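*Asks:* Basically our numbering = 1-based index in the sequence shown + 8.
Positions of the beta carbon are idealized from the N, C-alpha and C atoms, including for glycine.
What you are looking at is a predicted structure, and each value in this text was computed from that prediction instead of being measured.
Pasting a structure here, questions to come.
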Amino acid sequence: MTVLVIGEALVDIIDGRRRPGGSPMNVAIGLGRLGVPTVLHTSLGDDAAGRLLETHVRASGVALTPQSRGTASTSVAEVSIDSTGAPTYRFAITWDPDPVDVAAGGYRAVHVGSISAMMRPGASVLDAVLDASRASALLTYDLNVRPALMGAPGPARARAEQIIARVDVVKASDEDIAWLYPDLPADRVIERWLAAGARLAVLTRGARGASAATATTAVEVAAAEVLVRDTVGAGDSFMAGILAALDDAGLLTAAGRGRLPVLDREELRRVVGFGIRCAAVTVTREGADPPWRVDVRSAGVGYA
C-alpha cells in the first residue's frame, strides 16, 4: 500500500534557473527518496514545465495519478534568496485538480498541505479525499503558510483549523504560527490543535530545532549544526522525514492512529530527530533537494 500526497507542483525560478518545487511535491519526492512508496496527485500542464516536473517526480520513485495531467499551464514561483539563505516567493499559480478516487488506490496514509489546502476551487478536492480516507488511512497536514496567496490571517486560520480537526498529524513552523496566531504563544496554539483532534503536533523552529507534542508527551530536539547554503525545501524535507520515521515505526497507517497519543519521549525524539537530519542535508544544497536515505545515513549529522 502507498502514501497519497495531494497538492501543488510548480517550477521554482531561482536566479533565472528553473527547478522543480511546490511543498506537497517536495514532500512526495522526499518520501520516495526515503523509500516510502508514494503517489502524487497534482495538476501539471501539457508544457515544458509540466514535463520537467513529471520527469523529476518519477526519477525519485514517485508515481503520478492519471488525473494529474491537464491542459492548464504549469504553475511557477519566482524565488529570491536573502543573505541568510531564507527564500521569498512570487507566484503564478492555479489550483484546480481533477477529483481522485481514493478507494481505488488503497492508500494507507494521505498527506496534504500548503497552498493547495487553502486555494479554491481545488481545496474541495482535498476535502473530499480527507473525508473519504478517514477510516482507511492516517491523515497528515503541513500548514506551510504562504501569506501572499492565503489572504488575511483570520480566514486562513479558520480554514487551517477545519483541516486540523480532521487529521492525525499536523506540522507547522514558528513563522506559520506567528502569522496565523499573532496574539497566542506557540505552545498554546499546539494545545489548541491537540484539543481540536490532532494526535501529534510538530513545530519547527529553524536554527533552534523542532518540538513535538501529543496529549501526554512533549519533546524538544536541537537543530543539527551544518553549513547552510539555503533553506528552500527544508521544511518539506523535515515533513517527509517525520512521515518516513513514522513509517519505520509502523505508524503510517490508520491502525497507527491510536498509538500516536501514547508515544513515549524516546519514540517522539526519534521521529523528530530523523526529520531534522533530513532537513539538515537539504539546507546544505541549492534549492529544494530532499535527501535519499543513504544521504541521511552518510551525512554524519546528529541532534542533541
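1. For V302, tell me which candidate among G15, S31, G43, A36 has the shortest Cα-Cα distance.
2. By the three-class DSSP mapping on this structure, what secondary structure does P105 have?
3. E233 lies in the alpha helix (DSSP H); which residues open and close that run?
4. Going by CA-CA distance only, name the one from A136, R59, T73, I21 that's closest to A36.
5. Please classify G121: does DSSP put it in a helix, a strand, or coil?
6. Under a three-way DSSP split, which group does P161 fall into?
7. Measure the alpha-carbon distance for R154 versus S124 and round it to whole angstroms.
8. Around the Cβ of M9, are there at least 16 other Cβ atoms within 10 angstroms (buried) or fewer (exposed)?
9. Does the region 217-235 come within contact of the region 254-263, defined as at least 3 CB pairs closer than 8 Å?
10. With DSSP run on the structure shown, which of helix, strand or coil describes G29?
11. Check D150 in the structure and name its three-state DSSP category.
12. Cβ of G24 within 8 Å of Cβ of S122?
13. With a threshold of 6 Å on Cβ separation, who are the neighbours of P45 within its own chain once the five nearest residues in sequence on each side are excluded?
14. Is it right to say E62 is buried, meaning 16 or more other beta carbons lie within 10 angstroms of its own, or is it exposed?
15. Using beta-carbon positions only, say whether L146 and A117 come within less than 8 Å of one another.
16. Tell me whether the beta-carbon of D212 lies closer than 8 Å to the beta-carbon of P95.
17. Between the Cα of S219 and the Cα atoms of G283, G113, V236, which residue gives the shortest distance?
18. Run through DSSP, which three-state label would D20 get?
19. Which residues does DSSP pair with E199 in a beta bridge?
20. Once DSSP output is grouped into helix, strand and coil, what is the label at S141?
21. Distance, Cα to Cα, P299 vs R41?
*Replies:* Judging by the given coordinates:
1. By 1-based counting over the sequence shown, the position of residue 302 is 294. Of the candidates G15, S31, G43, A36, the one whose C-alpha sits nearest the C-alpha of V302 is G43.
2. Position 97 of the sequence shown holds residue 105. In the three-state scheme derived from DSSP, where H, G and I count as helix and E and B as strand, P105 is classed as coil.
3. Working through the sequence shown from its first residue, we reach residue 233 at position 225. Judged by DSSP secondary structure, E233 falls outside any alpha helix (DSSP H); it is assigned neither H nor E.
4. Along the sequence shown, read from residue 1 onward, the residue named residue 36 stands at position 28. Of all alpha-carbon atoms in A136, R59, T73, I21, the one lying nearest the alpha-carbon of A36 is that of T73.
5. Counted from its first residue, the sequence shown places residue 121 at position 113. G121: strand per DSSP, three-state reduction.
6. Locating residue 161 in the sequence shown gives position 153, where the first residue counts as 1. Secondary structure at P161: helix, using DSSP grouped into helix, strand and coil.
7. Your numbering for residue 154 matches position 146 in the sequence shown. Your numbering for residue 124 matches position 116 in the sequence shown. Answer to the nearest angstrom: the Cα atoms are 11 Å apart.
8. In the sequence shown, residue 9 corresponds to position 1, counting from 1. Per the 10 Å Cβ criterion, exposed.
9. Put simply, the region 217-235 does not touch the region 254-263. Fewer than three CB pairs are less than 8 Å apart.
10. Taking the first residue of the sequence shown as position 1, residue 29 is located at position 21. Shown here, G29 sits in a strand according to DSSP, grouped into three states.
11. For this step, residue 150 is matched to residue 142 along the sequence shown. Under the three-state reduction of DSSP output, D150 falls in the strand class.
12. Locating residue 24 in the sequence shown gives position 16, counting from the first residue. Locating residue 122 in the sequence shown gives position 114, counting from the first residue. No, Cβ-Cβ distance for G24 and S122 is not below 8 Å.
13. As a first step, residue 45 is located in the sequence shown; it is residue number 37 there, counting from the start. Same-chain partners within the cutoff: T10.
14. Position 54 of the sequence shown, counting from 1, holds the residue named residue 62. Result: buried.
15. Counting from one through the sequence shown, the residue named residue 146 turns up at place 138. Counting from one through the sequence shown, the residue named residue 117 turns up at place 109. In contact: L146 and A117 (Cβ atoms closer than 8 Å).
16. Looking up residue 212 in the sequence shown gives position 204. Looking up residue 95 in the sequence shown gives position 87. According to the sequence shown, residue 212 is Thr rather than Asp. Against a cut-off of 8 Å, the Cβ pair of P95 and T212 comes out as no contact.
17. As a first step, residue 219 is located in the sequence shown; it is residue number 211 there, counting from the start. Per the Cα distances, G283.
18. As a first step, residue 20 is located in the sequence shown; it is residue number 12 there, counting from the start. The three-state reading of DSSP puts D20 in strand, counting E and B together.
19. If you number the sequence shown from 1, residue 199 lands on position 191. According to DSSP, which records beta bridges pairwise, E199 is partnered with nothing at all.
20. The residue labelled residue 141 in the question sits at position 133 within the sequence shown. Reduced to three states, the DSSP call for S141 is helix.
21. Translated into positions along the sequence shown, residue 299 becomes position 291. Translated into positions along the sequence shown, residue 41 becomes position 33. About 7 Å.
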